[in-house]
Every structure is written in structure tokens, then in C-alpha cells.
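Reviewing the structure listed below.
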Amino acid sequence: MQASISSLTGTSRHLDKETVTATRIGAIVDFENVFQQEDQLQIRSTFLILVGKMRYSVVAVSIVKAEK
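For what it's worth, the numbering used here labels the leading residue of the sequence shown as 1148, then goes sequentially.
Next comes the structure, spelled out in C-alpha cells:
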């Protein structure tokens, strides 16, 4: 229980504020007639970096084949 004179709320009063800086780089590439005539291949990639107290990197690639 907090005293009534406390100006901070919550149970974790001694934590510093967290900040996050994010950088995202991405690309989309389209190809035609790769597997068979009149098809399309699309590759999308994203590289994401989150910088704060912890660092993460994620790479996601998806390939879509669609008939025209």
C-alpha cells in the first residue's frame, strides 16, 4: 500500500523510463515467367532492428506465386 503523499503510482516505482528506437528496411521484387508461362513471383523482405535495453533483429521473407 502506498502512502498518500507519494507522487508515483504502481508497484515498480524505481524503474527508469524505457525508450525504443526502431529501424526498418524493406524491399519488394517482382518476377514473371519463373515457374511457368504467365506466372508471377513476388519476394518481400523486411529487416527490423529495435534498439533499447535489449536488441532484436527479425528477417521475414514471403514468396507468393499467382496465376495471371
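Note that beta-carbon positions come from the ideal geometry of N, C-alpha and C, so glycine has one too.
Problem - ILE1172 to HIS1161 span [Cα, whole Å] - result: Position 25 of the sequence shown, counted from the first residue, corresponds to residue 1172. Position 14 of the sequence shown, counted from the first residue, corresponds to residue 1161. Distance between the alpha carbons of ILE1172 and HIS1161: 35 Å.
Handout entry: Option in THR1166, GLU1165 and ALA1174 with minimal Cα separation from THR1193
Key = In the sequence shown, counting from the first residue as 1, residue 1193 sits at position 46. Taking each of THR1166, GLU1165 and ALA1174 in turn and checking the Cα distance to THR1193, the smallest one comes out for ALA1174.
Handout entry: GLN1189 (DSSP reduced to helix, strand or coil)
Key = The residue labelled residue 1189 in the question sits at position 42 within the sequence shown. In the three-state DSSP reduction, GLN1189 falls in the strand class (E or B).
Exercise for the section: May I ask which residues mark the beginning and end of the beta strand (DSSP E) holding VAL1181? Expected result: Counting from 1 along the sequence shown, the entry for residue 1181 is found at position 34. Per DSSP, VAL1181 belongs to no beta strand (DSSP E) and is neither H nor E.
Practice task
Whole angstroms is fine: what's the gap from GLN1183's alpha carbon to GLN1189's?
Solution key: For the purposes of this step, residue 1183 is taken as the residue at position 36 of the sequence shown. For the purposes of this step, residue 1189 is taken as the residue at position 42 of the sequence shown. Taking the straight line joining both Cα atoms gives about 14 Å.
Exercise for the section: Could you tell me how far apart the beta carbons of VAL1167 and LEU1195 are, in whole angstroms, since I believe they sit closer than 8 Å? Expected result: One-based indexing of the sequence shown puts residue 1167 at position 20. One-based indexing of the sequence shown puts residue 1195 at position 48. Contact flag wrong, Cβ pair sits at about 12 Å.
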